[in-house]
Amino acid sequence: MKSVEEEFNKFVDEVNHLCTHISVREDENGPYIFALGLKNTHTLQVRKLLSDYVLELWHGENAEVESIAEEPRYRDSRSAFNRARKWLERDTL
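Each position in the sequence shown, counted from 1, maps to that position plus 4 in this note's numbering.
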């Protein structure tokens, strides 16, 4: 069974081409993904909290105007990563 950090790193490798920046970071709550879309308009964080994968989907051109657009939760990583990929793809249009 893969660790959460291994899952996150695999996803980072898969969507790196959709981002100006993407990395796996760590804070007091454990590892998380931080990503900026190609136009820096669609950004996100992905965390695993207890048994859920929680996304923070941000929209806005800079820190002064960006806000959380959605905070979906998923039981499985594949569903969470599919949603994250679709969010980042919005910056390619």
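Beta carbons are placed, not taken as given, at the ideal position from N, Cα and C, and that holds for glycine.
None of these values were measured; they are calculated from a predicted model.
Residue i burial status per 10 Å Cβ neighbour count (16 or more: buried)
| i | result |
| --- | --- |
| His46 | buried |
| Val50 | buried |
| Ala88 | buried |
| Ala67 | exposed |
Beta-ladder partner(s) of residue i, from DSSP
| i | result |
| --- | --- |
| Glu30 | Pro35 |
| Arg51 | Tyr36, Val58 |
Close Cβ partners of residue i (< 6 Å) along its chain, the five nearest in sequence each way excluded
| i | result |
| --- | --- |
| Lys52 | Val8 |
| Tyr57 | Tyr78, Ser81, Ala84 |
CA-to-CA distance, residue j to residue i, given in whole angstroms
| i | j | result |
| --- | --- | --- |
| Leu97 | Lys6 | 33 Å |
| Arg79 | Glu65 | 30 Å |
| Pro35 | His21 | 21 Å |
Other residues of its chain near residue i: CB distance less than 8 Å, five sequence neighbours each side excluded
| i | result |
| --- | --- |
| Trp91 | Gly41, His46, Leu48, Leu59, Leu61 |
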